[in-house]
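Novice:
Number of protein chains: 2
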Amino acid sequence: MNQTVEQAHMRLTTQRQIILEELGRVKSHPTANEVYDMVRRRLPRIGLGTVYRNLELMAENGIILKLEVGGTQKRFDACIDLHYHIRCISCGRVDDIELPVQQEINEIASRNTSYEVLSHHIEFLGTCEQCSSAEGRPTAN
Amino acid sequence: MNQTVEQAHMRLTTQRQIILEELGRVKSHPTANEVYDMVRRRLPRIGLGTVYRNLELMAENGIILKLEVGGTQKRFDACIDLHYHIRCISCGRVDDIELPVQQEINEIASRNTSYEVLSHHIEFLGTCEQCSSAEGRPTAN
DNA sequence: ATAACAGATGAGAAGGTTTATCATTTATCC
DNA sequence: GGATAAATGATAAACCTTCTCATCTGTTAT
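Quick note, the sequences are listed as chains B and Z, same order. Under numbering that gives the first Met the number 0, the first residue of the first sequence is numbered 0, with each subsequent residue one higher. Under numbering that gives the first Met the number 0, the first residue of the second sequence is numbered 0, with each subsequent residue one higher.
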């Protein structure tokens with residue numbers, strides 16, 4: 000599951016290479032459109048569809064991570080190690096959160112459901128520093 | 000936060016009443032469109048916008064719960080007690096899962112982030128009974 | 001009761017995100 | 001190099017959600 004573009008029998012095209020590079024460059028968890036904007040600075044003629052297609056493909060092959068978080072848009076992460084996230088309910092940004100991964104709750108969950116449990120994800124909700132400090136100010140929002 | 004329609008200074012219109020009734024009738028976690036379909040059987044002239052507007056409003060006022068889960072669509076729940084969910088990666092259905100709520104991890108998370116932590120949600124991923132048993136069959140999917 | 005007012009609705013348009021289509025381009029394999 | 005398969009870019013389409021606004025409904029004050 001966790002592999003490289005070549006091991007997934009995907010051609011390492013220029014587009015894929017740069018999508019991967021740009022995604023790896025940031026610590027944020029960009030949406031497809033944000034990745035598109037980053038990549039377009041280096042490949043101005045790339046299509047939005049190509050970005051979507053490849054993010055989806057690379058996520059399916061375990062090369063990158065597609066975040067299963069709330070909010071309207073899908074987000075992607077070059078770091079595929081299991082870790083948890085926190086999302087700002089005001090501006091929507093998503094950050095990593097330091098918390099020991101609790102693999103054991105998968106087993107606990109398994110005992111209480113008819114589903115075949117594969118994984119879990121914890122998402123915290125809160126307000127980020129910027130939005131918290133902007134709350135009082137009349138002009139900001 | 001957790002209150003009735005009247006306490007939220009919302010008029011208890013026929014539409015709101017029936018939306019609440021229909022949402023309370025099911026144990027699933029329907030999408031706005033699924034609620035629309037259920038309600039329309041009793042109020043054929045209701046608009047989809049009314050359903051969206053009122054689900055959103057009632058969620059804001061803590062009358063119902065808007066699920067912060069992955070997937071493309073928002074889902075709603077008449078049960079507002081904090082509990083966790085499991086989502087089928089094959090068909091998308093969402094069920095409750097029995098697992099003690101871990102309020103203490105909010106505090107642990109708080110120590111490791113600059114966010115103001117408000118809440119958290121755990122979402123398990125897996126395959127539901129139906130999809131698991133349908134996996135082998137050639138015709139099903 | 002009735003008039004004035006505010007809130008809610010229904011219909012449709014519009015917006016935003018994602019996926020599908022397809023002719024063209026690019027890479028790979030003999 | 002030529003045949004073949006895969007990937008791209010452009011565009012359209014699909015999908016979900018929100019917005020707009022004229023109309024309707026309920027409330028309040030007279």
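Note that beta-carbon positions come from the ideal geometry of N, C-alpha and C, so glycine has one too.
#1: Tell me which same chain residues have a C-beta within less than 8 Å of the C-beta of Leu-11 of chain B, skipping the five on either side of it?
#2: Would you check if the stretch 45-54 of chain Z and the stretch 114-123 of chain Z touch, i.e. whether three or more CB-CB distances between them fall below 8 Å?
#3: Cα separation between Lys-65 of chain B and Glu-59 of chain B?
#4: Would you check if the distance between the CB atom of Ala-77 of chain Z and the CB atom of Leu-42 of chain Z is smaller than 8 Å?
#5: Let me check understanding here. Comparing Cα to Cα, which of B:Arg-92, B:Ile-17, B:Arg-15 lies closest to Val-68 of chain B?
#6: DSSP on Pro-137 of chain Z, reduced to helix/strand/coil?
#7: Could you name the residues of chain Z that Val-25 of chain B contacts, counting a contact when the two beta carbons are closer than 7 Å?
#8: Between Ala-58 of chain Z and chain B, is any beta-carbon pair separated by less than 8 Å?
#9: Going by DSSP, which residues form a beta bridge with Cys-87 of chain B?
#10: Report the CB separation of Ile-96 of chain Z from Asn-111 of chain B in whole angstroms; it is logged as a contact under 8 Å.
#11: Can you pull the chain B residues whose beta carbon is under 9 Å from the beta carbon of Val-100 of chain Z, in chain order?
#12: Please list the terminal residues of the continuous alpha helix (DSSP H) segment that includes Arg-15 of chain Z.
#13: Under DSSP, the beta strand (DSSP E) around Val-93 of chain Z begins and ends at which residues?
#14: Out of B:Ile-79, B:Lys-73, B:Asp-80, which one is the CA nearest neighbour of Arg-86 of chain B?
#15: Along chain B, in chain order, which residues have C-beta atoms closer than 8 Å to that of Ile-104 of chain Z?
#16: So, is His-46 of chain Z buried or exposed, given that buried needs 16 or more other C-beta atoms within 10 angstroms?
#17: Taking Cβ to Cβ, would you say Ile-63 of chain Z is nearer than 8 Å to Ala-7 of chain Z?
Specialist: Quick look at the numbers:
#1: Val-4, Glu-5
#2: no
#3: 8 Å
#4: no
#5: B:Arg-92
#6: Low confidence applies here, because Pro-137 of chain Z scores a pLDDT of 45, under 50, leaving its location unreliable; read the following figure in that light. Residue state, collapsed to three classes: coil.
#7: Within 7 Å Cβ-Cβ: nothing; Val-25 of chain B doesn't reach chain Z, min ~18 Å.
#8: no
#9: B:Gly-125
#10: 6 Å
#11: Within 9 Å Cβ-Cβ: nothing; Val-100 of chain Z doesn't reach chain B, min ~12 Å.
#12: 13-24
#13: 93-96
#14: Distances from the alpha-carbon of Arg-86 of chain B to those of B:Ile-79, B:Lys-73, B:Asp-80 put B:Lys-73 closest.
#15: Counting only Cβ-Cβ distances below 8 Å, Ile-104 of chain Z has contacts in chain B at Leu-98, Ile-121, in chain order.
#16: Position check: residue 46 of chain Z holds Gly in this sequence, whereas His was assumed. It is exposed - the Cβ of Gly-46 of chain Z has fewer than 16 other Cβ atoms within 10 Å.
#17: No, Cβ-Cβ distance for Ile-63 of chain Z and Ala-7 of chain Z is not below 8 Å.
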